[in-house]
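These notes are about the structure you will find just below.
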Amino acid sequence: MMDDFLFRAVTGGVLLACVCGPFGAFIVWRRMAFFGDMLAHSALLGVALGLLIGVDVRLGMIATCLASALILAIGQRQSRIGSDTVLGMLAHSTLALGMVALAFVQGVAVDIMAYLFGDILAVNVTDIWILAAGGAFAIAVLIWMWRPLLAVTVSPEIAAAESIPVERLRLIFMLLMALVIGMAIKIVGVLLITALLIVPAASARFFARTPEQMAIGAAVFGVASVMAGIALSWHVDTPAGPSIVISAAGLFVLSSIVMMGLRRN
Amino acid sequence: MTAPLIEGRGLTLSYGSERVLDQVSLSIQAGEIMTLIGPNGAGKSTLVKTLLGLQKPDSGDVIRKNGLRIGYVPQKLAIDQVLPMTVKRFLTLTRAAARSACEMVLGQVGAAHVIDAQMSSLSGGESQRVMLARALLLRPELLVLDEPTQGVDVSGQAELYRLIDDIRAELNCAVLMISHDLHLVMAKTDKVVCFNRHVCCSGIPDTVRQHPEYRSLFGVREADAIGIYTHEHDHEHDLSGHVVGDCGHDHSHDHGHSHHHHDHQKQEAETTK
Chain B
0 MMDDFLFRAV
10 TGGVLLACVC
20 GPFGAFIVWR
30 RMAFFGDMLA
40 HSALLGVALG
50 LLIGVDVRLG
60 MIATCLASAL
70 ILAIGQRQSR
80 IGSDTVLGML
90 AHSTLALGMV
100 ALAFVQGVAV
110 DIMAYLFGDI
120 LAVNVTDIWI
130 LAAGGAFAIA
140 VLIWMWRPLL
150 AVTVSPEIAA
160 AESIPVERLR
170 LIFMLLMALV
180 IGMAIKIVGV
190 LLITALLIVP
200 AASARFFART
210 PEQMAIGAAV
220 FGVASVMAGI
230 ALSWHVDTPA
240 GPSIVISAAG
250 LFVLSSIVMM
260 GLRRN
Chain V
0 MTAPLIEGRG
10 LTLSYGSERV
20 LDQVSLSIQA
30 GEIMTLIGPN
40 GAGKSTLVKT
50 LLGLQKPDSG
60 DVIRKNGLRI
70 GYVPQKLAID
80 QVLPMTVKRF
90 LTLTRAAARS
100 ACEMVLGQVG
110 AAHVIDAQMS
120 SLSGGESQRV
130 MLARALLLRP
140 ELLVLDEPTQ
150 GVDVSGQAEL
160 YRLIDDIRAE
170 LNCAVLMISH
180 DLHLVMAKTD
190 KVVCFNRHVC
200 CSGIPDTVRQ
210 HPEYRSLFGV
220 READAIGIYT
230 HEHDHEHDLS
240 GHVVGDCGHD
250 HSHDHGHSHH
260 HHDHQKQEAE
270 TTK
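As you go down the protein sequences, you meet chains B and V in turn. For the first sequence, numbering that gives the first Met the number 0 gives the first residue as 0, with consecutive numbering after it. For the second sequence, numbering that gives the first Met the number 0 gives the first residue as 0, with consecutive numbering after it.
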């Protein structure tokens, strides 16, 4: 009989990996890995704000991620400062602000490590419901705008010439990403979420011939990484979040070796 | 005359202190083939992007016919290796289509064999053909081509222009094209717009060919190359460099036109390095 907490961990992890697959593919195509990283960093500020104001920390994380995405969307409209610089500034100032704000939280011992590296074994039923509802919403919207968003990714100019609302789609995608990352931090943490987004997508790239194959493949690789990571953590007693990322990286190395073998034949 | 498909009125745009578009007014009628010519850096691509709404002008208006269907073939489309994309999938990028329809349009542009190939593996010529096939699939009222023969060898260029002509004949669409290949283009086009930040002159090929501003922009030898497709002209009379009548605005400022041509060649030599 599987332990309850293990069952919840696997369910949460698998749900998250399924959502992260298609989003990760878009992040890889649109070269937005650093953007994801920045959103994750800002989530720590959400934790502090949540504790200070007295709202649910999960809500705080999602809210700060969404707010950061909006600020960035506005920040990218100007061109005097490069967008990577804007990202870097936002990432580190929100992280610093989060740490400082946490110092003001009275009487609560905040386990920073749990937020930095995630605590999948502590996932509770509410977490799973939030993840299921939020994930279903994010994926539904992504499917709804799949074709035009992909056209924008391939060529914003072709898309715009054919009356696709390029800027609006970009903004919606950024907000969805913020939602996904805000939900994911409880499971894999601030420092590892980007890995869960991009590593499975990168592995799937080896075997995909179309964007859709890569998106689904990324979800499959993600699910496999989560399972392998939790198994590793269970048997060898390693920290779960990092184990998941190590599994994802291992699958990537394995995929590239398999691909090299296939090419040679 | 019916309302134009697309019309630009007094379009002005500056990049920093550099004025790229200067009070440009231009309209394209249904079924018309219009070719924009001009030296490198003349702002031709910028003008097209402004007309398409990809670039906002500082002042001036773009008026589009309601619900205008545009097929846009950009100068070059580099699909990143990180994005797996078969030709078939690319053809349905903005609108779904059956495989049989994709096969048909690819056949029309002579690229049926690449349907399952990856976009990133195509040669320059194949890539342009695939983009034309996609335009065919969209059945646009206006086909916009930004230097459609870039990166295609000389024999391929003539072939591509023939294809564009066939497509136009089939769809009966208007064509707005930017081109450097003066001698290949002029024969087919209804209206040539000679452009260097402003409309220097425009009209049917014959009119433009004789226009002094056109001749000074491209140099006499290049300009005469176009004569191949029509009867010979005696051009001696209009080499003075002064602008005559139909231009509609002041040309008293010194363009240094004779230098444009050399700059243009030099720039091209640099970019091909």
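Even glycine gets a Cβ: it sits at the ideal position worked out from N, Cα and C. Note that the structure is predicted; figures quoted are calculated from it, not measured.
For B:SER254, the number of other beta carbons within 10 angstroms of its own is at least 16, and it is reported as buried. Distances from the CA of B:LEU141 to each of B:ILE111, B:GLY20, B:ARG57 and B:ALA183 were compared; the closest alpha carbon is that of B:GLY20. Residue contact with chain B for V:TYR71: present (Cβ-Cβ distance below 8 Å to some residue of chain B). If you ignore the 5 residues before and after B:LEU178, its C-beta comes within less than 8 Å of the C-beta of ILE61, CYS64, LEU65, GLY133, PHE136 and ALA137, all in its own chain and listed in chain order. Secondary structure of V:SER13 (DSSP, three-state): strand. Neighbours of B:TRP145 in chain V, taken as residues at a C-beta separation under 9 Å, are lacking, since the least C-beta distance is about 11 Å. Taking CB atoms only, V:PRO56 has no neighbour in chain B less than 8 Å away.
Under the Cβ criterion of 8 Å, B:ILE171 is not counted among the residues facing chain V. Note on B:MET31: 16 or more other CB atoms within 10 angstroms of its CB, so buried under the neighbour-count rule.
Rounded to the nearest angstrom, the Cβ distance from B:ALA102 to B:HIS40 is 17 Å, too far for a contact under 8 Å. Against B:GLN75, chain V offers no close residue; the least beta-carbon distance is about 16 Å (beta-carbon pairs closer than 8 Å).
Counting along the chain, the unbroken beta strand (DSSP E) around V:LYS190 starts and ends at 190 to 194. With a beta-carbon spacing of about 7 Å, V:GLY7 and V:THR49 fall inside the 8 Å limit used to define contacts. Comparing alpha carbon positions, the residue from B:ASN264, B:VAL153, B:GLY97 and B:PHE205 closest to B:LEU38 is B:GLY97. Rounded to whole angstroms, the separation of the alpha carbons of B:ARG146 and V:ARG94 is 8 Å.
Look at V:SER126 here: in three-state DSSP terms it is helix. Within the model, the alpha-carbon separation for B:ASP118 versus B:GLY11 is close to 11 Å.
B:ARG29 sits buried, since 16 or more C-beta atoms from the chains shown fall within 10 Å of its C-beta.
Residue contact check for B:VAL27 against chain V: a CB pair falls below 8 Å. Sorting B:LEU170, B:LEU231, B:ALA239 and B:GLU161 by C-alpha distance to the C-alpha of B:ILE70 places B:LEU170 at the top. Within chain V, the residues placing a beta-carbon under 8 Å from that of B:ILE157 are TYR71, PRO73, LEU76, LEU92 and THR93, ordered along the chain. Rounded to the nearest whole angstrom, the CA to CA distance from B:VAL189 to B:LEU43 is 8 Å.
Your pair B:VAL13 and B:VAL244 does not check out as a contact, with CB atoms roughly 16 Å apart and the cut at 8 Å. Closer than 8 Å to the CB of B:MET213 there is at least one CB belonging to chain V. In the DSSP annotation of this structure, the continuous segment of the beta strand (DSSP E) that includes V:CYS200 starts and ends at 198 to 202.
With 16 or more other Cβ atoms from the protein chains shown falling within 10 Å of its own Cβ, B:SER202 counts as buried. Closest by C-alpha distance to B:ILE111, out of B:MET173, B:THR237, B:LEU94 and B:ALA158, is B:LEU94.
The beta carbons of B:PRO241 and B:LEU196 sit about 16 Å from each other, so the pair does not count as a contact at 8 Å. Linking B:ALA200 to B:PHE25 through their CA atoms gives a straight-line distance of about 9 Å. Within the same chain, and ignoring the five residues on either side of B:PRO164 in sequence, no residue has its Cβ closer than 6 Å to its Cβ. Around the beta carbon of V:HIS210, 16 or more other beta carbons sit within 10 angstroms, so the residue counts as buried. Cβ proximity to chain B below 8 Å picks out VAL143 from the stretch 139 to 153 of chain V. Under the DSSP assignment, B:VAL222 falls in the alpha helix (DSSP H) whose first and last residues are 210 to 235.
At a cut-off of 8 Å between beta carbons, V:VAL81 contacts chain B.
For B:SER154, the nearest CB of chain V lies under 8 Å from its own CB, placing it at the interface with that chain. The stretch 207 to 223 of chain B makes contact with the stretch 81 to 98 of chain V, as at least three CB pairs between them are under 8 Å.
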